[in-house]
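Shown next, in structure tokens, is the structure this report addresses.
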Amino acid sequence: LPEKLMAAQRAGVRKVLIPKDNVRDLEDVPKEVTSSLEIVPVDTVGDVIHEALGISLPRLNRP
30 LPEKLMAAQR AGVRKVLIPK DNVRDLEDVP KEVTSSLEIV PVDTVGDVIH
80 EALGISLPRL NRP
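Here my numbering is used: the first residue of the sequence shown is 30, the next is one more, and so on.
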């Protein structure tokens, strides 16, 4: 994750979506990298679609 976030920063990316399970890996990323990016933890594909496109999908209630 640290290398990918540093590459995103170098490429001029402003917003990065990461799996919620990887939030703990942010400790390994230099503060100058994390402070220049909007890092959004996501849990589902619906979360990704909402963050990337601004569209909210209905949640399915599974038995």
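Idealized CB from N, CA, C, for every residue including glycine.
Bear in mind that the values here come from a model prediction, so they are computed numbers and not experimental data.
How many Å lie between residue i and residue j at the Cα?
i    : j   : result
V58  : I68 : 12 Å
T63  : I78 : 22 Å
M35  : V74 : 24 Å
L102 : D76 : The displayed coordinates of the chain run from 30 to 92. Any statement about residue 102 would go beyond what the structure contains.
Can you tell me whether residue i is buried or exposed? The criterion is at least 16 other CB atoms within 10 Å of its CB, across all chains shown.
i    : result
L121 : Outside the shown range of the chain (30 to 92) lies residue 121, about which nothing can therefore be said.
Shortest alpha-carbon distance to residue i belongs to which of the options?
i   : options            : result
E80 : R88, P31, P70      : P70
D54 : D76, L86, K44, K33 : K33
Q38 : E56, D50, E61      : E61
V52 : L30, I84, P87, G83 : L30
Determine the DSSP secondary structure at residue i, reduced to helix, strand or coil.
i   : result
P31 : helix
I84 : coil
3-residue-minimum beta strand (DSSP E) runs that sit fully inside the segment 39 to 65, ordered along the chain: 44 to 48
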